[in-house]
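Engineer: Mind having a look at this structure? Questions to follow.
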Amino acid sequence: MDPTPPPILLWVRRDLRLADHPALAAAAETGRPVIPVYLHDDAVAQLGACPRWRLGLGIAAFARSLEDLGARLILRRGPAPEALAALAEETGATDVWWTRAYDPDGASRDAAVADALGARGVATRAHPGHLLFDPEAVSTGSGGPYKVYTPFWRAVKDRDVPAPLSAPRRLAAPTSWPDSDRLDDWAMGAAMNRGAVVVAPHATVGAEAAEARLDRFVAERIGAYAEARNMLAIDGTSRLSENLTYGEISVRTCWHAGMRARAEGAAGAETFLKELVWRDFAHHLAHRTPRLLDRNWREDWDGFPWREDADAPEVRRWRQGRTGVPVVDAAMREMFVTGHMHNRARMIVASYLTKHLLFHWRIGQAWFDDCLIDWDPASNALGWQWTAGSGPDAAPFFRIFNPETQAEKFDPEGRYRARWLAEGQADPPTTALSYFDAVPRSWGLSPDDPYPDPAVNLREGRQRALAAYEAHRGSG
Ligand SMILES: Cc1cc2nc3c(=O)[nH]c(=O)nc-3n(C[C@H](O)[C@H](O)[C@H](O)COP(=O)(O)OP(=O)(O)OC[C@H]3O[C@@H](n4cnc5c(N)ncnc54)[C@H](O)[C@@H]3O)c2cc1C
C-alpha cells in the first residue's frame, strides 16, 4: 500500500467558506490530506472590537462546516511564518496554500510567510478568490492603476468571471490531527464592552446564512434596488458586506447571481453589479496605491487644516450619537447597536465629521474600524476619503451634504430617525432603547435625557469648512 501522501496546510483567513474556494477546491482535488488552519496573529489582534468578535463567530461556523467534510479547523497562535513552519514540521506538510490577500499588510505578511517556508523547503501557493478581478490585471492604457471608478467599471464590466466552484464533498484527513487551541480561549469578544449580546441578533453568520441572504435579496429586492438602496428606513440592500468581508460567500457567487437577475430583466441588477465592482475598486486602489489606507490619497490634501484631537468633545458627541443632528445620531446609534450602518448614512455621518466639524477623516475611520461588523480595510478607507474629499474620485470638498436635506429626501417620514432615537418619544421602539443597553455605563446616557442641542450650527459649520478649503487651496 502507498504511504499516506504528505498533507497540504490550508491557511484560512478571509475565506470562511467551502463553496467557490479555489484553494480549498484545488487542495481537495489532489486527494492528499488537507489540514485547514486559522492563526491568531497580529492581524487578528489588531482588529477593532466588533470585527474581531464577529470574526470569532465566523471561525466557529466555518469549523462546524468542515466537520461535515470529515475535517477539522486547527487553531494556532503566533506570527504566521513561525506558526506555519512549526505546523508544517509537526504534520509533515510539504505545501501551504491560501487565498491571496491584496491589502498591503496582508500582502507583506504573505510574502514573509512564503520566504520563511521556502527557506525550509515548504512550497507555498496563493490562490485567487477574494476579488472579482486581480488588481494587477486591470490597468489603464499607460499601465497604471485606475483612479476613477467609472473607467474602472468600463474596463471590467464585460470581462469573463469564472463560474463559482462547488464545495468539495469530503477532505482526506491526515493520519493524526495536530493539536488545536480552543476558540473560547482566544476571547474574540473581549473588547466588546458595548455587549455582544446586544449586537449578536443583528449578525448573520456563516456560509449557509450568507447564501440564503443572497437568494432572498435576488428573489425579493434586486428589482427595486436602484432606488430602494438609498432609502434609510427600507431594507433595500443585500447586507452581504458582512459576509463578503469574512469570505463567507464569494464575490463571484454574488456577481453571477446579479448577472442572472440582469438577464431575467431585474431592473436593479446592473446597479448591484456596479456596487460589487466598487468593492473591487477599493481593493484595486489599496493594493496599487497603499496610501489610501492611512494617508491623504491626494497628496495636495496634506496640510489641510483638519482638527486632529480625537478626544475633543464634538468627536465624543459624534461617536455617542449625541450631535443634536437627528439623522447623524440615528446612524451612529444604528452602527453601535447592529454593527451595520446604511451606506447613505455612512456618507452623511462622514461628511458631517469631516466637513461640518472639520475633523480628520482618520478619526472617523478609526471609530468605524472598531464598530463595523462588515469592516473591510479598503472599503472603509475609500468610503472615508471619498466623502472627505481627499480620496480618489472624491466628491468635491465644497459639495457639503446638508444632513437635514438628506434626511428629508432619504427618510421623508422620519421612520429611520424614530427607529433609533428614543429621546422625546412617548413610547420609543425597542431598537431605540437597545442603544441605551449597548452603551458603556461610563457614557452616562439615559433615554429620559433631553435630546441635545446641535454641536455646531449647520450653516456656520459649512461656512467654516468652505473657508478652510479656500485657505488651503490658496496656500497650495
Ligand atoms: C465612510 C464609509 C465607510 C465604509 N466602510 C465600509 C466597510 O468597512 N466595509 C464595507 O464592506 N463597505 C464599507 N462601505 C461601503 C458601503 O457602505 C457598504 O459596502 C454597504 O453599506 C454594505 O451594505 P450592503 O451589503 O447592504 O450593500 P449593497 O448595497 O447590497 O451592495 C452590495 C455589495 O457591494 C459592495 N459595496 C457597495 N457599496 C460599496 C462601496 N461604496 N464601496 C465598496 N464596496 C461597496 C459591498 O460589498 C456590498 O455588500 C463604506 C462606505 C462609506 C461611505
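Okay, so the sequence shown: first residue is 64 according to my numbering, each after it adds one. We put the beta carbon where it would ideally sit given N, CA and C, even for glycine.
What's the call for Tyr514, buried or exposed, on a 16-neighbour Cβ count within 10 Å?
Structural biologist: Within the sequence shown, residue 514 is the residue found at index 451, counting from 1. Exposed.
Engineer: Just to confirm, is the Cβ distance from Leu102 to Gly141 under 8 Å?
Structural biologist: As a working note, residue 102 is residue 39 in the sequence shown. As a working note, residue 141 is residue 78 in the sequence shown. Yes.
Engineer: Could you spell out where the beta strand (DSSP E) holding Thr187 opens and where it closes?
Structural biologist: Counting from one through the sequence shown, the residue named residue 187 turns up at place 124. It spans 186-190 - the beta strand (DSSP E) in which Thr187 sits, taken as one unbroken run.
Engineer: Return the residue from the list Pro231, Val201, Lys210, Glu274 that minimises the CA-CA distance to Asp223.
Structural biologist: As a first step, residue 223 is located in the sequence shown; it is residue number 160 there, counting from the start. Of the listed residues, the one whose Cα sits closest to Asp223 is Val201.
Engineer: Taking DSSP's pairing of strands, which residues face Pro162 in a bridge?
Structural biologist: Locating residue 162 in the sequence shown gives position 99, where the first residue counts as 1. Checking the sequence shown, residue 162 turns out to be Thr, not Pro. Thr162 pairs with His190.
Engineer: According to DSSP, simplified to helix, strand and coil, what is His403?
Structural biologist: Translated into the one-based positions of the sequence shown, residue 403 becomes position 340. It is coil, neither helix nor strand.
Engineer: Measuring straight from C-alpha to C-alpha, what distance separates Ala174 and Thr187?
Structural biologist: Stepping through the sequence shown from its first residue, residue 174 is reached at position 111. Stepping through the sequence shown from its first residue, residue 187 is reached at position 124. Using only the alpha carbons, I get a separation of about 10 Å.
Engineer: Confirm, please, whether the CB-CB distance from Ile297 to Gly331 is below 8 Å.
Structural biologist: The residue given as residue 331 occupies position 268 in the sequence shown. The residue given as residue 297 occupies position 234 in the sequence shown. No, they are not a contact pair.
Engineer: Assuming the contact rule is C-beta atoms closer than 8 Å, Leu234 and Gly133 should be a hit. Round their C-beta distance to whole Å, please.
Structural biologist: Reading the sequence shown from its first residue, position 171 is the one you call residue 234. Reading the sequence shown from its first residue, position 70 is the one you call residue 133. Yes, they are in contact, since the Cβ atoms of Leu234 and Gly133 sit about 6 Å apart, within 8 Å.
Engineer: Please classify Trp447 as buried or exposed, where buried requires at least 16 neighbouring CB atoms within 10 angstroms.
Structural biologist: On the sequence shown, residue 447 is found 384 positions in, with the first residue counted as 1. Buried, since its Cβ has 16 or more Cβ neighbours within 10 Å.
Engineer: Based on the DSSP secondary-structure assignment, which residues constitute the bridge partners of Tyr101?
Structural biologist: Here residue 101 is taken as the residue at index 38 of the sequence shown, counted from 1. Answer is Leu138.
Engineer: What residues match up with Leu73 in a beta bridge as DSSP calls it?
Structural biologist: Translated into the one-based positions of the sequence shown, residue 73 becomes position 10. Leu73 is bridged to Pro99, Trp160.
Engineer: Report the partner residues of Arg370 according to the DSSP bridge assignment.
Structural biologist: Here residue 370 is taken as the residue at index 307 of the sequence shown, counted from 1. For Arg370, which the question treats as bridged, DSSP gives the partners Phe422.
Engineer: Here's the rule I'm using: 16 or more other beta-carbon atoms within 10 Å means buried, otherwise exposed. How should Trp240 be labelled?
Structural biologist: As a first step, residue 240 is located in the sequence shown; it is residue number 177 there, counting from the start. Answer is exposed; the Cβ neighbour count stays below 16.
Engineer: What span of residues does the alpha helix (DSSP H) with Gln469 cover, start to end?
Structural biologist: As a working mapping, residue 469 is identified with position 406 in the sequence shown. Note, Gln469: alpha helix (DSSP H), 466-473.
Engineer: Let me confirm a value: Ser505 is counted as buried when at least 16 other C-beta atoms fall within 10 Å, else exposed. Which label applies?
Structural biologist: On the sequence shown, residue 505 is found 442 positions in, with the first residue counted as 1. Exposed, because fewer than 16 other Cβ atoms sit within 10 Å of the Cβ of Ser505.
Engineer: Could you tell me if Thr308 is buried or exposed, where buried requires 16 or more neighbouring beta carbons within 10 angstroms of its beta carbon?
Structural biologist: By one-based count along the sequence shown, residue 308 stands at place 245. So Thr308 ends up on the buried side.
Engineer: Any idea if Lys418 is buried or exposed, counting beta-carbon neighbours within 10 angstroms, 16 or more meaning buried?
Structural biologist: The residue you call residue 418 lines up with position 355 of the sequence shown. Under this definition Lys418 is a buried residue.
Engineer: Give me the Cα-Cα distance between Asn406 and Val100, rounded to the nearest whole angstrom.
Structural biologist: The residue labelled residue 406 in the question sits at position 343 within the sequence shown. The residue labelled residue 100 in the question sits at position 37 within the sequence shown. One C-alpha to the other measures close to 34 Å.
Engineer: Does the beta-carbon of Ala289, which I'm using as the reference point, lie nearer than 7 Å to any heavy atom of ligand 1?
Structural biologist: Along the sequence shown, read from residue 1 onward, the residue named residue 289 stands at position 226. Because no heavy atom of ligand 1 lies under 7 Å away, the Cβ of Ala289 does not count as near it: no.
Engineer: Whose C-beta lies closer than 8 Å to the C-beta of Met64 among residues of the same chain, with five residues either side of it excluded?
Structural biologist: Counting from 1 along the sequence shown, the entry for residue 64 is found at position 1. Because the pLDDT at Met64 is just 47, under 50, the model does not fix this residue reliably, and the value given afterwards should be weighed accordingly. Answer for Met64: no residue qualifies.
Engineer: Reducing DSSP to helix, strand and coil, say where His84 ends up.
Structural biologist: Mapped onto the sequence shown, residue 84 falls at position 21. Note: His84 maps to coil in three-state DSSP.
Engineer: Have a look at Leu420, Ala182, Gly387, Phe399 and flag the residue whose alpha-carbon is nearest the alpha-carbon of Gly258.
Structural biologist: On the sequence shown, residue 258 is found 195 positions in, with the first residue counted as 1. Out of Leu420, Ala182, Gly387, Phe399, Phe399 has the C-alpha closest to the C-alpha of Gly258.
Engineer: Taking the C-alpha atoms as reference points, what is the distance between Val268 and Asn520?
Structural biologist: In the sequence shown, counting from the first residue as 1, residue 268 sits at position 205. In the sequence shown, counting from the first residue as 1, residue 520 sits at position 457. So the two alpha carbons sit approximately 41 Å from each other.
Engineer: Evaluate the contact criterion for the region 309-318 versus the region 112-129: three or more CB pairs, one atom per stretch, below 8 Å.
Structural biologist: The region 309-318 vs the region 112-129: in contact.
Engineer: Distance, Cα to Cα, Val97 vs Ala156?
Structural biologist: As a working mapping, residue 97 is identified with position 34 in the sequence shown. As a working mapping, residue 156 is identified with position 93 in the sequence shown. Distance between the alpha carbons of Val97 and Ala156: 9 Å.
Engineer: At a cut-off of 7 Å, would you count Met410 as near ligand 1, judging by its Cβ distance to the nearest heavy atom?
Structural biologist: Locating residue 410 in the sequence shown gives position 347, counting from the first residue. Because some heavy atom of ligand 1 lies under 7 Å away, the Cβ of Met410 counts as near it: yes.
Engineer: Anyone know if the C-beta pair for His84 and Gly192 falls short of 8 Å?
Structural biologist: Locating residue 84 in the sequence shown gives position 21, counting from the first residue. Locating residue 192 in the sequence shown gives position 129, counting from the first residue. Yes, they are a contact pair.
Engineer: Are the Cβ atoms of Phe464 and Ser414 separated by less than 8 Å?
Structural biologist: What you label residue 464 is simply residue 401 of the sequence shown in a count that begins at 1. What you label residue 414 is simply residue 351 of the sequence shown in a count that begins at 1. Yes, Cβ-Cβ distance for Phe464 and Ser414 is below 8 Å.
Engineer: To which residues of the same chain is Phe344 closer than 6 Å at the C-beta, ignoring the five residues directly before and after it?
Structural biologist: On the sequence shown, position 281 is the one that residue 344 refers to. Counting only Cβ-Cβ distances below 6 Å, and skipping sequence neighbours, we find Tyr212, Phe215.
Engineer: Have a look at Ala289 and Glu338 and give me their C-alpha separation to the nearest angstrom.
Structural biologist: Locating residue 289 in the sequence shown gives position 226, counting from the first residue. Locating residue 338 in the sequence shown gives position 275, counting from the first residue. Spanning the two alpha carbons is a distance of roughly 10 Å.
Engineer: Locate the alpha helix (DSSP H) running through Tyr309, then write down its first and last residues.
Structural biologist: Position 246 of the sequence shown, counted from the first residue, corresponds to residue 309. It is not in any alpha helix (DSSP H) - Tyr309 carries neither H nor E in the DSSP assignment.
Engineer: Cβ atoms of Leu72 and Leu87: under 8 Å apart, would you say?
Structural biologist: Working through the sequence shown from its first residue, we reach residue 87 at position 24. Working through the sequence shown from its first residue, we reach residue 72 at position 9. No, these two residues do not count as a Cβ contact at 8 Å.
Engineer: Please tell me whether Ala441 and Val412 are closer than 8 Å, where the distance is taken between their beta carbons.
Structural biologist: Indexing the sequence shown from 1 puts residue 441 at position 378. Indexing the sequence shown from 1 puts residue 412 at position 349. No, these two residues do not count as a Cβ contact at 8 Å.
Engineer: Along the chain, where does the alpha helix (DSSP H) that runs through His265 open and close?
Structural biologist: Residue 265 sits at position 202 when you count from the first residue of the sequence shown. Counting along the chain, His265 falls outside any alpha helix (DSSP H), and DSSP gives it neither H nor E.
Engineer: Report the option in Asp105, Arg482, Ser304, Glu92 whose CA atom is closest to the CA atom of Trp249.
Structural biologist: For the purposes of this step, residue 249 is taken as residue 186 along the sequence shown, with counting starting at 1. Checked all of Asp105, Arg482, Ser304, Glu92; the closest Cα to Trp249 is Asp105.
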